[in-house]
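Visitor: Next up is a structure, given as structure tokens.
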Amino acid sequence: MEPIAIVERLRLDLDSLDRAYSAGHHGLWSAAKRTEIFDAALISMFHPPASGVALVALGGYGRGQQLPRSDLDLLLVHDGSDPVGVSEVAERVLYPLWDAGFEVGHALRTPIECALIAREHVDACTAMLDLRFLAGDTHVSEEAAARVRSLVTDDPAAFTRTLDSDGRERADRVGSAAHRSEPDLKSGAGGLRDIQAIGWLETAWSERDDAGWALRSHDRDALADAEEFLTRARSALQLETGRRSDRLPLDMQPSIARAMGFSDEPGLLAEDGLMRAVFEHARTVRWITARVFGDAMAEGPPGSTVDPLHDAAELLEALAVTAERGERPSVALLDAIEAAPVDDPVRWAPPIREGFLRVLRAGEHGVDALDALDRMELLTRFLPAWSEVRCRPQRDPYHRLTVDAHLTTALAGMGRMLAGSETDDPVEREMVKQVDDIDGLLLGALLHDIGKTGEGSHVPIGTEIATEALIDMGIEERSRELAIFMVRYHLVLPDTATRRDLTDENLILDVAAKVGSPDRLAALYLLAKADALATGPAAWTSWRQTLVRELVGRVQRAFERGDMGTELAERLTDGIVQIRDRLSNEPDDSVERFVLRMPRAYFLAVEPEAAARHFATISPALGSLDVRTSSAEGVRPGTYELLVVASDRPGLLSWIAGSLALAGLSILTAQVFTTDDGAAVDLFEVEGVFEREVDEARWREFRRTLRKAVEGRTSLSHRVVEKRRLYPGPAVASPVTVRVDNQASEFSSVIEVGAPDRLGLLYDITSALADLRLDVHLAKVTTYTDRVIDAFYVRDALGGKVTNPDQIQEIETAVRARCAD
């Protein structure tokens, strides 16, 4: 049969296989079956003119794992006697495949050339370690395989170091498949490449009997299970997307879960069940890989034996000693732990409790010990509640890790802070000094998100779970109460700092009342930082850190002085004195009028230097249609401060927001003030959406659009919608939430809106509020990567709170509808 006909039959067979998958007959599909189909076609097409030529499979195809959209890796090995003939053979095989649209990786090499390129490139070397003969001269194929194999068996230690370095580079580049919300199934740490690396490691050491490592039988079984599952998941991903794909994106996880037979369960959606299985397998692979490579590279003979461990207390004692020495558990210790009799659940006693606390006190090495317990499915015997958060994905825009990995990462971060690791955070250093209950602090870090069980709000659920667990453990009352307090209030500082008016005296007093004492304030700050750093880079930006520090400082002063009114008055007086000093060259009457007409909240929120800079824009008399703006570099790189002054009127804030959106500017923060003579003084922190540098032309465009809106010469709604179409929407879908809070402020209703970030979102929200005749007195805009949470302090047409339930419902409905458009 001619090659073209063979390739056509190949395509039909593969299409039939893929259609069976699409029809739900997943049992008919496998990487091995696909490999078999390719083998038959390629062997039929291969007709060398003479001996000395072999067709071999490499890489995944060589391992018999040809996936739906993966490249076909082929190698023509020849003895060099007839290069022209070899090229003709290659053309006969390759051109029909290329013409049919197959992605084919190929090379023509002699055995010596195979060895030379394997010596220079680790990827080529590992691909040829998986060499599999298809057709032709077996002798030349075997010679190529032998030459490449000898490169790694002659110096297995060097090859091990190369593989380890390659693995670390991959992990740094693509992250972990064991914790990431969108894991790379192939190259992520704990993914398929790590499983393959262990196979290559075994090849390298196969001719030596002095290896300081060994792959235990149950580890081998676990790796086989992980390889089977991750291969199926990657295959399903490629079939669903119709292209080569390694990373499992959030939006594909529901369809992949259904394709792989997962279904919704109480407290666990099908896609979460899929991801939990992915994380469990990847975590197993990561653990075995780290142990095997660590042992393979260790100098000296294999570790000594460990005496049998007779109970949970001895097990924790052994782990604690190892962690306190800064070591990871040895193979012998792991074997002893697995053989130890441990009750399920553990019956806590003083030696067990002390051993567990010693593990927590050991910081990052203690987390390694917890990982070891978790890997052997023993941690849930000590903490049964751990089973609900173990490998549980977090589906929000902020978290990058599973719940359990987030908790242990936060614990490790807390350990670093308590150990006095170098830090440029003076607040952290001061807070560490104020904490004297280390055990309570560590337990609070470990358990702060233990309520993320998929059953409801995690804070009250977590408080209940933590209380029960800590009582069961027999933790002394002082430490227990601190840990429970941390679980209950771990969101108070970050949520208040980023969503509320920090110049509101009542707010500060409310926070101080919740916290209760300086040492507990210190505990919450340290947890807020450890929690944020464990969440992801968007959770502890310099801006958020500054806001949390400001809140902590204000609450700390409330504890120290006990009279927030006096403190605010002193701060206000001092700020105005500094402003007057900076404006000493201006006419005294102009400065005095500026000070008297500005709201006190402005002087409390704006630094004296910035207020003095604003003077020239705010002070001159304002006409009814006047619009004044000024801009300056922001406090953070790539951001700008924008001041807008105009006569206050309904809808002004929405017009400003819409004009900024049309100019391609994103609002990071917004503060809205009104002078005693009716001028709106609105202060924004903005950045360019895609072109980060904002030139004068873009500022002119913003001012021109805003003036037209104020004068009633343009409608912004249609233009904002059209502009939005030019920019991509958020990468991760998230719900729109609207909540009216009448307890957060004494004089205003606080409307808190959470929504996916998009161009013009603040315009949408504020225009809805304007349509409802609500006056915005303060806006707090908070952006978390692809999601924003904004808080608006509003008053109704009569200047009071919105208390009517029907009005509140109307607000929630209108804002939600505008955000969802």
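Mapping to numbering that gives the first Met the number 0: the sequence shown position 818 is 817, numbers consecutive. Don't be surprised by glycine CBs; every beta carbon is placed ideally from N, CA and C. Keep in mind the model is a prediction, meaning the values are calculated, not measured.
1. Looking only at its chain, what residues have a beta carbon closer than 7 Å to the beta carbon of D136, apart from the 5 residues adjacent to it on each side?
2. In whole angstroms, give me the CA-to-CA distance for E684 and T497.
3. Out of curiosity, what's the CA-to-CA distance linking M597 and F672?
4. Quick one, which of A679, D395, A4 and L441 has its alpha-carbon nearest G412's?
5. Are V899 and V644 touching if we call contact CB-CB under 7 Å?
6. Bridge partners for P755 per DSSP, in chain order?
7. Following the continuous alpha helix (DSSP H) through D494, name the residue where it begins and the one where it ends.
8. Is R499 closer than 7 Å to L506 when the C-beta atoms are compared?
9. Can you tell me whether G299 is buried or exposed? The criterion is at least 16 other CB atoms within 10 Å of its CB, across all chains shown.
10. What's the C-alpha gap between E87 and L57?
11. I believe L523 touches V514 by the beta-carbon criterion, under 8 Å. Please report the beta-carbon distance rounded to the nearest angstrom.
12. Who are the Cβ neighbours of A368 in its own chain at under 6 Å, not counting the five residues just before and after it?
13. Quick check: the Cα distance between G574 and P349, rounded to an integer number of angstroms?
14. How many angstroms separate the CA atom of D580 from the CA atom of I474?
15. DSSP three-state call for G687: helix, strand or coil?
16. Taking its Cβ as the centre, do 16 or more other Cβ atoms sit within 10 Å of E823, making it buried, or is it exposed?
17. If we count the other Cβ atoms within 10 Å of its Cβ and call it buried at 16 or more, is D218 buried or exposed?
18. Would L9 be called buried (16 or more neighbouring beta carbons within 10 Å of its own) or exposed?
19. Applying the criterion that 16 or more other CB atoms from any shown protein chain within 10 Å of the CB defines a buried residue, is T545 buried or exposed?
20. Checking the sheet assignment: what are the DSSP bridge partners for R246?
21. Assuming the contact rule is C-beta atoms closer than 8 Å, A822 and E751 should be a hit. Round their C-beta distance to whole Å, please.
22. Let me know the secondary structure DSSP gives I750 once reduced to three states.
23. Here's the rule I'm using: 16 or more other beta-carbon atoms within 10 Å means buried, otherwise exposed. How should H77 be labelled?
24. Using three-state DSSP, classify I666 as helix, strand or coil.
25. Hey, which unbroken runs of the alpha helix (DSSP H) at 4 residues or more fall wholly within the region 560-632?
26. Mapping the DSSP letters down to three states, classify Y792 as helix, strand or coil.
27. Tell me which residues share the same chain as T704 and place their Cβ nearer than 6 Å to its Cβ, disregarding the 5 neighbours each side in the sequence.
28. According to the neighbour-count rule (16 or more other Cβ atoms, all chains shown, within 10 Å of its Cβ), is W97 buried or exposed?
29. Mind the definition here: the region 385-395 touches the region 262-277 only if three or more C-beta pairs lie below 8 Å; say whether that holds.
30. Just to confirm before moving on: does the CB-CB distance between D770 and R794 stay below 7 Å?
31. How is D424 classed by DSSP in three states: helix, strand or coil?
32. Name the one or two DSSP bridge partners that E640 has.
33. Within the chosen definition, does the region 378-386 reach the region 338-345 through at least 3 CB pairs nearer than 8 Å?
34. Quick check: what's the CA-CA separation for E326 versus H364?
35. Measure the CB-CB distance between D436 and L481 and report whether it falls below 7 Å.
36. Out of curiosity, what's the CA-to-CA distance linking E112 and L150?
Guide: Well, looking at it:
1. S50, G51, V52 and A53
2. 14 Å
3. 8 Å
4. L441
5. Outside the shown range of the chain (0 to 820) lies residue 899, about which nothing can therefore be said.
6. R786
7. V491 to R498
8. yes
9. Legend: pLDDT at G299 = 47, less than 50; position of this residue unreliable, value from coordinates given subsequently. Under this definition G299 is an exposed residue.
10. 21 Å
11. 6 Å
12. L318, A322 and V358
13. 56 Å
14. 57 Å
15. strand
16. For the chain, the structure presents residues 0 to 820; residue 823 sits outside this window and is missing.
17. buried
18. buried
19. exposed
20. D183
21. No information on residue 822 is available, as it lies outside the stretch 0 to 820 that the chain covers here.
22. strand
23. buried
24. strand
25. 563-581, 587-596, 599-604 and 607-617
26. strand
27. S658 and L661
28. exposed
29. yes
30. no
31. coil
32. A631 and E684
33. yes
34. 7 Å
35. yes
36. 13 Å
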